[in-house]
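Student:
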Amino acid sequence: MTTTTIPTVGQHAGRKFDWGQPAVYFVALVAIAVTIAPVVYLIIGGFRTTGQINEDPSAWPDPWVITNYLTVLTSENFWVQLVNSTIAAGFTTGGVIVLGVMAAFVIARYSFRGRDALFTLFTAGLLFPLTVAVVPLFTMIKGLGLLGNLWGIIIPQVAFALPTTIIILVPFLRAIPAELEDAATIDGAGRFGFFWRIVLPLAGPGLVTVGVLAFVASWNAYLLPLLILGDPSHSTLPLGTQAFATQFSSDTAKVMAFTTISMIPALVFFTLAQGRIVSGLTGAVKG
Amino acid sequence: MSTSTITAGSAVHAADPVRPRPRKRRFDVKSVAMIWGFAAPALVVYVTFVIVPVVLAAVYSFFNWNGLGPLDRFIGIDNYVRALTDPTFLKAIGNNLAIVVLSLLIQGPVAIGVALLLNRPLRGRTLIRTLIFVPYVLSEVVAALAFKLILQPNGPFDAFLESIGLGGLKQLWLADQNVVFWTLFFVLSWKYLGFAILLMLAGLQGVPDELFEAASIDGASWWQIQRHITIPLLGPTIRIWAFLSMIGSLQLFDMVWVLTGGGPVNATVTMATYMMQYGFQRSQLGFGSAVAVILFLISLVFALLYQRHVLRRDFEGAVGRGA
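Heads up: the sequence lines are chains A and B, in that order.
Under the UniProt record's numbering, the residue at position 258 of the first sequence is numbered 258, and the numbers go up by one with no gaps.
Under the UniProt record's numbering, the residue at position 231 of the second sequence is numbered 231, and the numbers go up by one with no gaps.
1. Just curious, the alpha helix (DSSP H) that M255(B) is in, first and last residue?
2. Can you confirm whether Y69(A), when its beta carbon is compared against all beta carbons of chain B, has any partner nearer than 8 Å?
3. For a contact defined as C-beta to C-beta under 7 Å, what are the partners of L56(B) on chain A?
4. With a threshold of 8 Å between beta-carbons, can V199(A) be considered close to chain B, or not?
5. Can you find the residues in the same chain that come closer than 6 Å, C-beta to C-beta, to L184(B), ignoring five residues on each side of it along the sequence?
6. Examine chain B for any beta-carbon lying closer than 8 Å to the beta-carbon of S233(A), and answer yes or no.
7. Assuming the contact rule is C-beta atoms closer than 8 Å, A303(B) and I247(B) should be a hit. Round their C-beta distance to whole Å, please.
8. Are G100(A) and T165(A) closer than 8 Å when you measure CB to CB?
9. For S245(B), report the span of its alpha helix (DSSP H) as first-last.
10. To the nearest whole angstrom, what separates the beta carbons of T241(A) and L145(B), a pair I think is in contact under 8 Å?
11. Within the continuous alpha helix (DSSP H) that includes P265(A), where are the two ends?
12. Does DSSP put A11(B) in a helix, in a strand, or in coil?
13. Considering Cα atoms alone, identify which of T237(B), G67(B), A292(B) is closest to A111(B).
14. CA-CA distance, T271(A) and L131(B)?
15. Using a C-beta cutoff of 8 Å, does G125(A) count as contacting chain B?
16. Does DSSP put F192(A) in a helix, in a strand, or in coil?
17. Would you say the beta carbon of A144(B) is closer than 7 Å to some non-hydrogen atom of the ligand COA?
18. Closer than 8 Å, CB to CB, is L204(B) near chain A or not?
19. So is P153(B) in contact with chain A if we call contact Cβ pairs under 8 Å?
20. For T268(B), would you say it is in contact with chain A, using Cβ-to-Cβ distances shorter than 8 Å as the test?
21. Starting from the C-beta of L151(B), find all residues in its chain whose C-beta is less than 6 Å away, skip the five residues before and the five after it, and write them out in chain order.
22. Taking only the alpha-carbon atoms, compute the straight-line gap between S249(A) and M263(A) and give it to the nearest angstrom.
23. With 16 as the cutoff for other CB atoms within 10 Å, does D254(B) come out buried or exposed?
24. Scan the segment 239-271 of chain B for residues whose Cβ lies nearer than 7 Å to a Cβ of chain D and list them as they occur along the chain.
25. Does any residue of chain A bring its CB to less than 8 Å from the CB of I229(B)?
26. With C-beta atoms as the reference, is G95(A) less than 8 Å away from I154(A)?
27. How should V40(A) be labelled, buried or exposed, when 16 other C-beta atoms within 10 angstroms of its C-beta is the threshold for buried?
28. Assuming the contact rule is C-beta atoms closer than 8 Å, F89(B) and Y136(B) should be a hit. Round their C-beta distance to whole Å, please.
29. Could you tell me whether the Cβ atoms of P238(A) and V207(B) are closer together than 8 Å?
30. Curious, which full-length alpha helix (DSSP H) runs of at least 4 residues does the segment 163-236 of chain B contain?
31. Please list, in chain order, the chain A residues whose beta carbon lies closer than 9 Å to that of L140(B).
32. Classify F74(B) as helix, strand or coil using the three-state DSSP reduction.
33. So, are the CB atoms of I198(A) and V72(A) less than 8 Å apart?
34. According to a CB-to-CB cut-off of less than 8 Å, which residues of the segment 253-267 of chain A neighbour chain B?
35. Are the Cβ atoms of A272(B) and L104(B) separated by less than 8 Å?
36. Terminal residues of the continuous alpha helix (DSSP H) containing A33(B)?
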């Protein structure tokens with residue numbers, strides 16, 4: 001920490017030259033360089049040939065070639081896997097939101113026998129990672145005939161995302177003022193009406209948060225798809241990327257191109273949703 | 001935490017005399033049906049696909065079972081004895097614990113330091129945050145594949161070292177069993193530091209600026225302010241990060257499996273990769289289940305001890321706020 005020389009905080013409003021700023025920018029630059037250098041290297045590496053890479057791993061593409069990227073983009077498996085990842089993540093997200101908000105709604109707003117036990121049961125789920133349950137899950141999914149089927153990963157993923165979802169949503173739904181419920185009742189809305197017309201719209205931001213978290217988890221999932229899906233033509237993107245890397249292990253440039261392209265959807269989606277992910281996680285921890 | 005917030009909520013209801021009587025608390029059949037109708041789908045899916053498998057894992061762990069025939073060869077605690085006397089599994093536990101400790105000691109302070117520095121008015125702050133967050137959004141598989149390419153012998157990383165005159169430091173990053181553990185730890189840090197920094201930055205947003213102003217008027221230096229005001233107020237965030245980091249380190253699988261497969265010579269084996277290798281790949285599902293149960297019990301002990309001795313304060317605070 002060389003920053004002890006930084007003057008008091010009040011001064012960085014800008015009157016005097018703040019010697020802290022260069023130090024801060026320096027740290028920021030180093031952090032960014034370490035963070036994105038591997039990613040940038042991969043992107044650029046995809047524009048070279050394996051011959052170029054073997055000759056000098058750190059040179060600039062000369063000439064730039066796009067055949068690697070074209071090969072990936074025209075390969076059928078890539079698109080199948082992209083679609084599979086999207087379907088799995090989409091249905092997981094939808095399922096978690098629907099089931100989660102319904103359960104969270106009654107836990108948050110009604111007192112009934114068994115409510116505390118129900119909530120405790122869901123929170124206990126945080127302690128059960130997928131790793132622990134994966135052996136029996138595999139045999140169950142096999143018994144249901146869902147091996148190689150996307151539903152075989154969607155349903156367990158929904159189940160494992162429910163604890164976080166409910167823990168985030170319960171305080172959120174509880175915060176909706178009781179006056180709104182009374183007003184809705186006076187206007188003749190039943191409980192369904194209240195849930196449908198008042199709770200769901202107001203819970204929007206909370207639903208987005210849990211939705212993004214479930215989407216992230218599903219999109220990046222590896223262990224369950226590895227056991228359940230198998231064969232690259234039925235798999236999701238992480239599995240497919242790994243299968244491709246194994247299949248073309250001698251063709252470094254092509255693997256770089258595939259890895260780069262499989263990063264893009266996640267990067268775009270999660271950059272857009274970044275704020276939500278962070279607030280979701282911090283919200284979850286403050287629950 | 002759960003029960004406290006619930007009581008806090010209903011206390012507010014009871015204390016509000018203006019509100020008409022809360023809708024009938026006694027059970028009329030219709031509302032009981034509606035309540036359980038709403039809760040049932042989630043409950044059924046959750047119990048079937050989380051609770052039941054966890055219980056089944058505990059059951060399987062007492063059997064010698066390859067996953068195909070009937071579950072009829074009960075062998076008591078033999079699977080547990082076998083796991084806990086296998087030097088490879090003990091090595092796996094050791095690796096997991098080493099990663100827990102190293103993450104707390106190295107990633108924690110680095111993340112806090114970077115977050116404190118970035119928590120100042122800074123041109124391009126949003127961009128910086130987004131970029132720092134990049135590794136976290138990549139899946140562990142993709143990150144591991146990327147580093148596998150970059151760290152291959154005489155690959156780009158070695159070339160980089162040579163170009164800055166440090167060619168002598170070249171190693172077989174992923175093939176030398178004395179080096180590979182540290183390589184793995186570095187890649188994990190690369191993947192998860194951004195998340196830690198962002199979590200800390202989010203926590204810092206909750207620290208009111210007035211405190212800084214007051215302290216700096218009183219003549220406190222930047223470092224004194226951080227040391228005596230910011231870091232203590234960041235406490236809850238740090239403790240939660242530490243919790244998430246510990247549990248994550250104990251369950252480590254994807255990254256290791258793709259990057260090293262637990263090797264070479266078991267140098268990077270973790271409890272989860274051990275389960276995969278010796279349970280699944282050899283069709284010894286009973287044994288794999290015993291390993292899973294041990295993994296769970298270790299996580300549980302960590303979680304309970306941590307909750308009891310470290311997190312309790314935060315939850316008490318939350319109750320205070322709720323009421």
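Cβ atoms here follow ideal geometry from the backbone N, Cα and C, with glycine treated the same way.
Note that this is a predicted model, so its numbers are computed, not measured.
Tutor: On the basis of the data shown:
1. Where M255(B) is concerned, the enclosing alpha helix (DSSP H) stretches over 254-259.
2. Contacts with chain B at 8 Å (Cβ-Cβ) do not include Y69(A).
3. By Cβ distance, chain A contributes P136.
4. No, V199(A) lies away from the interface with chain B (no Cβ there is under 8 Å from its Cβ).
5. The answer, listed in chain order, is T268.
6. No - not a single Cβ of chain B is within 8 Å of the one on S233(A).
7. Right, the Cβ-Cβ distance comes to about 7 Å (below 8 Å), so this counts as a contact.
8. Cβ distance < 8 Å, so G100(A) and T165(A) count as in contact.
9. Start and end: 235-250.
10. Right, the Cβ-Cβ distance comes to about 6 Å (below 8 Å), so this counts as a contact.
11. DSSP places P265(A) inside the alpha helix (DSSP H), whose first and last residues are 252-272.
12. Note that A11(B) scores a pLDDT of 38, beneath 50, so its modelled location is shaky; the value from the coordinates is reported in the next line. The three-state secondary structure of A11(B), taken from DSSP, is helix.
13. Considering only T237(B), G67(B), A292(B), the residue with the shortest C-alpha distance to A111(B) is T237(B).
14. Roughly 9 Å separates the two Cα atoms.
15. It does: the Cβ of G125(A) has a partner Cβ on chain B nearer than 8 Å.
16. The three-state secondary structure of F192(A), taken from DSSP, is helix.
17. The model depicted lacks the ligand COA and carries no ligand whatsoever.
18. Interface flag for L204(B) against chain A is unset, since no Cβ pair is found closer than 8 Å.
19. No - not a single Cβ of chain A is within 8 Å of the one on P153(B).
20. By this cut-off, T268(B) is not an interface position.
21. Excluding its 5 nearest sequence neighbours in each direction, L151(B) has C-beta neighbours in its own chain below 6 Å: F157, W173, L174, listed in chain order.
22. Distance between the alpha carbons of S249(A) and M263(A) is about 18 Å.
23. Buried, since its Cβ has 16 or more Cβ neighbours within 10 Å.
24. Absent here is chain D; the protein component of the structure consists of chains A and B.
25. So no, I229(B) is outside the interface.
26. Remark: C-beta atoms of G95(A) and I154(A) approach each other more closely than 8 Å.
27. V40(A) counts as exposed, since fewer than 16 other C-beta atoms from the protein chains shown sit within 10 angstroms of its C-beta.
28. In this structure, F89(B) and Y136(B) do not form a Cβ contact; the two beta carbons are roughly 30 Å apart against a cut-off of 8 Å.
29. Their beta carbons are not under 8 Å apart, which means P238(A) does not touch V207(B) by this criterion.
30. The segment 163-236 of chain B contains, as complete alpha helix (DSSP H) runs of 4+ residues, the segments 180-205, 209-217, 222-225 (chain order).
31. In the sequence as displayed, the identity of residue 140(B) is Glu instead of Leu. The answer, in chain order, is N220, Y222, P238.
32. For F74(B), the secondary structure class from DSSP, reduced to helix, strand or coil, is strand.
33. Judged by beta-carbon spacing, V72(A) lies beyond the 8 Å limit of I198(A), meaning their Cβ atoms are not closer than that value.
34. Cβ contacts with chain B: V255, M256, T259, S262, M263, A266, L267.
35. Not in contact: A272(B) and L104(B) (Cβ atoms no closer than 8 Å).
36. That run of the alpha helix (DSSP H) goes 29-46.
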